[in-house]
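What follows is a short report on a single structure.
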Ligand code: SAH
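Structural data, given as structure tokens:
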């Protein structure tokens, strides 16, 4: 691929309009093209049959449509599917498809690797490689729809990477996913999950996109959160909760606190009380996830009984709380099990506790 060419799906609708207006073409071409790219899912500009051939030739001089090559698909018994894609530069990322009765959710990656190094999450175990481009974020939906033959109804940015650390591309991708001429998925069916990048939360609030926000809380004291979610050393719980309050008050979207329960680490009754109080004061929902095992973090998820007790205590403080059902664990598709290079993570092995 000549390097000077750009994937046309990196462009927003406005940018496409600018291109056509610069070329003295009609503005409606932009929306027409969006339909071909995101609704008809074409893989070649030549397939846009209602475009004049001369215009296609012009477009082809400057743009192309990249593809995510499917290296592997793993299917779990519960219908969850994990896709391993190869990007144009050889790096790979993963996407998880989670079918339920009333919705079809796709869990997207936003970066190759991750900078934030939460010790229980395998995605961060090899550090950060690069940002995903807009076309690569949106491309995961297009390819998954092609592979499954199904339209996605919900999108969660909970795969590899930290979405708010790839802010510009994330927002452009969300606008394409949300646009009626694009993938047409409602903003409220798009969830951005963050480990707590306060400036990103505040920027997203200002945009007023109405997307759902999930915050990976995992600890209720700064001492513990500094260890479990190291970005806490930069943006502590006080600042994080203040940003959550601003997001909630200005968008009216209920925030979800994700909390991975780790046996003997963050699953005490006091943790549950503090979490319940935090959530209650923000009218936030709590989503408990028994921490999924991975080979480089030598702790166990809390037992089922402990998770239930924890839930009861959180609820007793007046907060809404659910337990997330673990999907696709036998294919390593569950939370925190996605890695751009699993083998390296597995080589590290487990040195201390099982
Ligand atoms: N960087 C973003 C999005 C990716 S992680 C974030 O931190 O929110 C998606 C969710 O999976 C986060 O809540 C994350 O904390 C959680 N997670 C990571 N590893 C996990 C594990 N081993 N068990 C359970 N949840 C985990």
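Numbering (our numbering), first residue to last: 47 to 400. For each residue, glycine too, the CB sits at the ideal point set by N, CA and C. Keep in mind it's a predicted model, so treat the numbers as computed, not measured.
Integer Cβ distance of residue i from residue j, believed to fall under 8 Å
i           : j           : result
residue 171 : residue 206 : No, residue 171 and residue 206 are not in contact; Cβ-Cβ is about 11 Å, not under 8 Å.
residue 450 : residue 222 : Since the first residue of the chain shown is 47 and the last is 400, residue 450 is not available in this structure.
residue 151 : residue 209 : Going by Cβ atoms, the distance from residue 151 to residue 209 rounds to 15 Å, so no, they are not a contact pair.
residue 303 : residue 333 : 7 Å
residue 299 : residue 244 : About 17 Å separates the two Cβ atoms, so there is no contact after all.
residue 365 : residue 322 : 5 Å
residue 435 : residue 181 : The shown model of the chain, from 47 to 400, leaves out residue 435, and the question about it has no answer.
residue 92  : residue 102 : 6 Å
Proximity of residue i and residue j at Cβ, strictly below 8 Å
i           : j           : result
residue 193 : residue 129 : yes
residue 381 : residue 338 : yes
residue 262 : residue 239 : yes
residue 287 : residue 268 : no
residue 377 : residue 122 : yes
residue 183 : residue 229 : no
residue 313 : residue 271 : no
residue 368 : residue 320 : no
residue 220 : residue 248 : no
residue 335 : residue 361 : no
residue 275 : residue 246 : no
residue 345 : residue 308 : yes
residue 251 : residue 293 : yes
residue 330 : residue 301 : yes
residue 83  : residue 114 : no
With 16 other Cβ atoms within 10 Å as the buried cut-off, status of residue i
i           : result
residue 127 : buried
residue 390 : Because the pLDDT at residue 390 is just 40, under 50, the model does not fix this residue reliably, and the point stays unresolved.
residue 383 : buried
residue 226 : exposed
residue 112 : buried
residue 260 : buried
residue 62  : buried
residue 197 : exposed
residue 357 : buried
residue 108 : exposed
residue 74  : exposed
residue 211 : buried
residue 354 : exposed
residue 100 : exposed
residue 190 : buried
residue 68  : exposed
residue 385 : buried
residue 258 : buried
residue 325 : buried
residue 149 : exposed
residue 179 : buried
Cα-Cα separation between residue i and residue j, rounded to whole angstroms
i           : j           : result
residue 94  : residue 141 : 28 Å
residue 50  : residue 110 : 10 Å
residue 327 : residue 185 : 38 Å
residue 146 : residue 124 : 9 Å
residue 138 : residue 173 : 14 Å
residue 317 : residue 348 : 13 Å
residue 153 : residue 379 : 10 Å
residue 392 : residue 342 : Only weak support exists for where residue 392 lies, its pLDDT of 42 falling under 50; the value from the coordinates is given anyway. When rounded, the distance between both Cα atoms is 7 Å.
residue 160 : residue 167 : 10 Å
residue 340 : residue 80  : 40 Å
residue 89  : residue 52  : 14 Å
residue 373 : residue 216 : 25 Å
residue 306 : residue 264 : 6 Å
residue 144 : residue 237 : 14 Å
residue 350 : residue 204 : 23 Å
residue 253 : residue 218 : 12 Å
residue 120 : residue 195 : 16 Å
residue 65  : residue 116 : 31 Å
residue 96  : residue 199 : 28 Å
residue 105 : residue 70  : 13 Å
residue 422 : residue 136 : As shown, the chain starts at 47 and ends at 400. That puts residue 422 outside it, with no answer to give.
residue 232 : residue 72  : 28 Å
residue 60  : residue 311 : 48 Å
residue 164 : residue 98  : 51 Å
residue 85  : residue 131 : 21 Å
residue 234 : residue 58  : 20 Å
Minimum Cβ-Cβ distance from residue i to chain B less than 8 Å
i           : result
residue 327 : The structure shown contains no chain B; it holds only a single protein chain.
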